[in-house]
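Encoded as structure tokens, the structure appears first; notes follow it.
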Amino acid sequence: MVLAAALLGAFNFGALAKETAETKSAGKLTSLQIHCQTDGESKTDQALRLHGKDAKQQLLVTAKFDGGALRDLTRSVNYTASPATIVKIDKNGLVTPLADGTATITAKSAEGLSTTLAVTVEDSKVVNSINFARRVVPGFTKGGCNGGGCDGDSS
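Read in order, the letters of the sequence shown correspond to residues 835 to 989 in my numbering.
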């Protein structure tokens with residue numbers, strides 16, 4: 835109990851409140867941009883192409899304020915897809931293909947600003963074969979099992 839009190843006493847709640855207030859007052863929202871990752875490079879407001887049934891894509895929405903500040907609003911905006919039969923987009927910006935075709939995703943902020951992204955879905959009913967080098971090896975690498983000493987033992 836004494837340790838917790840000492841730790842809380844050392845914590846500067848005033849600085850946290852000031853930082854939170856500064857973050858909230860970034861200025862007036864001037865624009866939104868949707869970013870998506872395709873072909874190894876990050877593209878801004880470009881057309882997104884999804885190939886195959888498992889081709890999901892996470893979007894990132896960046897807000898720009900009049901003072902020049904940038905903020906991540908990915909989980910704060912409302913998403914819609916038109917037509918809704920081509921792609922599904924969840925509240926966190928994850929895009930999932932539903933059918934072949936072209937759709938437009940719109941991200942709208944609480945302040946009323948919006949931005950769009952064109953999406954093309956191809957081969958939405960085709961399940962692509964698993965590519966060992968692209969899907970399995972990264973898991974081994976992350977787990978530290980990409981060297982000769984790993985035999986799959988959990989210890």
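Glycine included, C-beta positions come from ideal geometry on N, C-alpha and C. If you're wondering where the values come from, they're calculated on a predicted model, not measured in any experiment.
Looking only at its own chain, which residues have a Cβ that is under 6 Å from the Cβ of residue i, when we skip the five neighbours before and after it?
i      : result
Val970 : none
Asp957 : His885, Gly886
Gly977 : none
Residue i: beta carbon under 8 Å from a heavy atom of the ligand FMN?
i      : result
His869 : For the ligand FMN, the structure offers nothing, since it holds no ligand at all.
I'd like to know whether the C-beta atoms of residue i and residue j end up nearer to each other than 9 Å.
i      : j      : result
Leu893 : Ala860 : no
Leu884 : Val953 : yes
Leu932 : Ala897 : no
Val921 : Leu907 : no
Leu947 : Cys870 : no
Considering residue i, what are the terminal residues of the beta strand (DSSP E) in which it resides?
i      : result
Pro931 : 928-931
Lys898 : 894-899
Val955 : 948-956
Asp906 : 904-906
Val911 : First-last for Val911: undefined, no H or E at that position.
Lys942 : 935-942
Val960 : It is not in any beta strand (DSSP E) - Val960 carries neither H nor E in the DSSP assignment.
Ile923 : 921-923
Arg883 : 882-885
Assuming residue i is part of the alpha helix (DSSP H), what are its boundary residues?
i      : result
Val971 : 971-976
In its own chain, which residues sit with a C-beta less than 7 Å from the C-beta of residue i, not counting the 5 before and 5 after it?
i       : result
Lys890  : Leu928, Val929, Thr930
Val1020 : With the chain running from 835 to 989 in the structure shown, residue 1020 is simply not present.
Val955  : Leu884, Ile920, Val921, Pro931, Ala933, Asp934, Gly935
Looking only at its chain, what residues have a beta carbon closer than 8 Å to the beta carbon of residue i, apart from the 5 residues adjacent to it on each side?
i      : result
Arg909 : Lys925, Asn926, Gly927
Ile923 : Leu893, Tyr913, Thr914, Ala915, Val929, Thr930, Ile939
Leu904 : Thr896, Ala897, Lys898
_I'd like to know if the segment 934-951 and the segment 900-920 are in contact, where contact means that at least 3 CB-CB pairs between them fall below 8 Å._
yes
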